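Taking the working numbering, the leading residue of the sequence shown gets 443, the next gets one more, and so forth.
In this text, a Cβ means the ideal position worked out from N, Cα and C, and glycines have one as well.
It should be emphasised that the depicted structure is a prediction, and the values quoted were computed from it without experimental measurement.
Working notes, beginning with the structure itself.
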Amino acid sequence: MRNRFTQMVGVEHPIMMGGMQWVGRAPLVAAVAEAGALAVLTALTQPTPEDLTREIANVRERTDKPFGVNLTILPTMQPPPYAEYRRAIIEAGITVVETAGHRPQEHVDDFRANGVKVIHKCTAVRHALSAQRMGVDVISIDGFECAGHPGEDDIGGLVLIPAAADALDIPIIASGGIADGRGLVAAMALGAEGVNMGTRFLATQECAIHENVKDTIVASTERDTNLIFRKLHNTARVGRNSVSDEVVALLDRPDAAFADVAHLVAGAKGRSVMESGDMGAGLYWAGMAQGLIHDVPTVAELVDRIMTEARDVAARRLPALLENAG
Numbered sequence: 443m444r445n446r447f448t449q450m451v452g453v454e455h456p457i458m459m460g461g462m463q464w465v466g467r468a469p470l471v472a473a474v475a476e477a478g479a480l481a482v483l484t485a486l487t488q489p490t491p492e493d494l495t496r497e498i499a500n501v502r503e504r505t506d507k508p509f510g511v512n513l514t515i516l517p518t519m520q521p522p523p524y525a526e527y528r529r530a531i532i533e534a535g536i537t538v539v540e541t542a543g544h545r546p547q548e549h550v551d552d553f554r555a556n557g558v559k560v561i562h563k564c565t566a567v568r569h570a571l572s573a574q575r576m577g578v579d580v581i582s583i584d585g586f587e588c589a590g591h592p593g594e595d596d597i598g599g600l601v602l603i604p605a606a607a608d609a610l611d612i613p614i615i616a617s618g619g620i621a622d623g624r625g626l627v628a629a630m631a632l633g634a635e636g637v638n639m640g641t642r643f644l645a646t647q648e649c650a651i652h653e654n655v656k657d658t659i660v661a662s663t664e665r666d667t668n669l670i671f672r673k674l675h676n677t678a679r680v681g682r683n684s685v686s687d688e689v690v691a692l693l694d695r696p697d698a699a700f701a702d703v704a705h706l707v708a709g710a711k712g713r714s715v716m717e718s719g720d721m722g723a724g725l726y727w728a729g730m731a732q733g734l735i736h737d738v739p740t741v742a743e744l745v746d747r748i749m750t751e752a753r754d755v756a757a758r759r760l761p762a763l764l765e766n767a768g
């Protein structure tokens, strides 16, 4: 399954593990890279640019396969030193970066000037077209099913993926609701050249989060997520628990404001969930794909299974449909 995406980023399989805060660390990234897929370290999980440099070196001690770094740019009262993180990425010789968030033009320009391929995450075709004009190399198009921020248009992958493929000249990879080989083949049939998975990689043995989080994902269905911040026009999809239920209820009040839930949604609380396994300690990110997750394999087992199933679908099920139609 080699195509423009796999050749551009130098991987064997058209599968990517996108950036996940508190999750995208060296052991998991190296395992995904060794399995022949593309993984990215999450830059802002590291406290400083110097820590990021050390974590990049940590990955390289574990694998000689390609990997990338995620840099998410979000508007905030006290922004991190994005330019310093960017410089650390470039000076470390990273060749692929996943960007997301707010107005990344200066970052895209600097990365591309230094030979770094840029994969930019978007939730709408109009934003993807803007990113293409900006000069990015690949678009990761995120359907409404995804964890994190699915945008405000509520367009699922079955429409969003082919709409993006029709509109763009650069390769796209599909994100949201994908956890197995069926999703990979479906995404590629719709015009994508690969898939980007987050929730599925949470439930792997090498992912350094508490087993309670993994067990919760495995036990959950596609209905066990909550959409929060809808009224604030900053929609986010998270796993359903007592905290996200409370956030939804509080923000459903007519006079609700972010201040009413700020104490519940702090990033430190989400980190506590991942590290302590207390599922009531805060929010945790999870997409609708958790309804397709039923075990906690090694990363190598997962990638091999996805590719085996994808080949089976492509080689047997689809030709059989054509034969029966004839």
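Separation of residue j from residue i, as counted between CA atoms
i    : j    : result
I531 : V741 : 25 Å
G636 : D697 : 43 Å
T433 : E765 : Outside the displayed span of the chain (443 to 768) sits residue 433, for which this structure offers no information.
I612 : I735 : 31 Å
P491 : A468 : 15 Å
T537 : A472 : 15 Å
A699 : A573 : 31 Å
R642 : S684 : 22 Å
R554 : R568 : 22 Å
A731 : E688 : 23 Å
R747 : Q520 : 43 Å
T495 : P489 : 11 Å
E775 : D493 : Outside the shown range of the chain, which is 443 to 768, sits residue 775, and nothing can be said about it.
G460 : G510 : 9 Å
A570 : G599 : 14 Å
R713 : L760 : 43 Å
A752 : H705 : 43 Å
P508 : D720 : 34 Å
A534 : L693 : 43 Å
G543 : L602 : 19 Å
G625 : E664 : 15 Å
V474 : T505 : 10 Å
I597 : G619 : 12 Å
For residue i, the nearest candidate out of the options (CA to CA)
i    : options                : result
N638 : Q449, R444, M462       : M462
R528 : A542, D552, K507, D506 : D552
V745 : R713, G466, F671, E476 : E476
A728 : V655, K711, D694       : V655
L516 : R624, A499, I651, L486 : L486
V627 : E503, A499, A757, H549 : A757
V414 : A723, G709, D694       : A query on residue 414 cannot be resolved here, the shown segment of the chain reaching from 443 to 768 and no further.
I670 : L480, N445, Q520, R695 : R695
M443 : G478, M459, G460, V465 : G478
L480 : V453, Q488, I659       : V453
V660 : V738, D595, G633       : V738
A634 : G619, I581, S718       : I581
E743 : G623, A710, S686, P508 : G623
S686 : T667, I615, A701, N676 : T667
L483 : T541, G733, D595       : T541
N676 : V451, L725, V703, G593 : G593
Per-residue burial, residue i [other beta carbons within 10 Å of its own, 16 or more giving buried]
i    : result
V578 : buried
S617 : buried
H455 : buried
T750 : exposed
V501 : buried
R545 : exposed
D584 : buried
L513 : buried
G557 : exposed
T565 : buried
S718 : exposed
R629 : Checking the sequence shown, residue 629 turns out to be Ala, not Arg. Under this definition A629 is a buried residue.
A621 : buried
E497 : buried
L725 : buried
- Is the segment 577-596 touching the segment 677-684, taking contact as three or more C-beta pairs under 8 Å? yes
- Message: Between the segment 646-659 and the segment 597-612, can you find at least three pairs of beta-carbon atoms closer than 8 Å?
- Response: no
- Message: At 3 residues or longer, what runs of the beta strand (DSSP E) sit wholly inside the segment 636-690?
- Response: 637-639, 667-670, 678-681
- Query: Curious, which full-length alpha helix (DSSP H) runs of at least 4 residues does the segment 555-628 contain?
  - Reply: Qualifying alpha helix (DSSP H) stretches, in chain order: 567-576, 599-609.
- Tell me the start and end of each unbroken beta strand (DSSP E) in the segment 477-554 that is at least 3 residues and wholly inside, in chain order. 480-484, 510-515, 538-543
- Secondary structure, alpha helix (DSSP H): runs of 4+ residues fully inside the segment 688-728: Given a length threshold of 4 residues, each whole run of the alpha helix (DSSP H) inside the segment 688-728 is given here in chain order: 704-707, 709-718.
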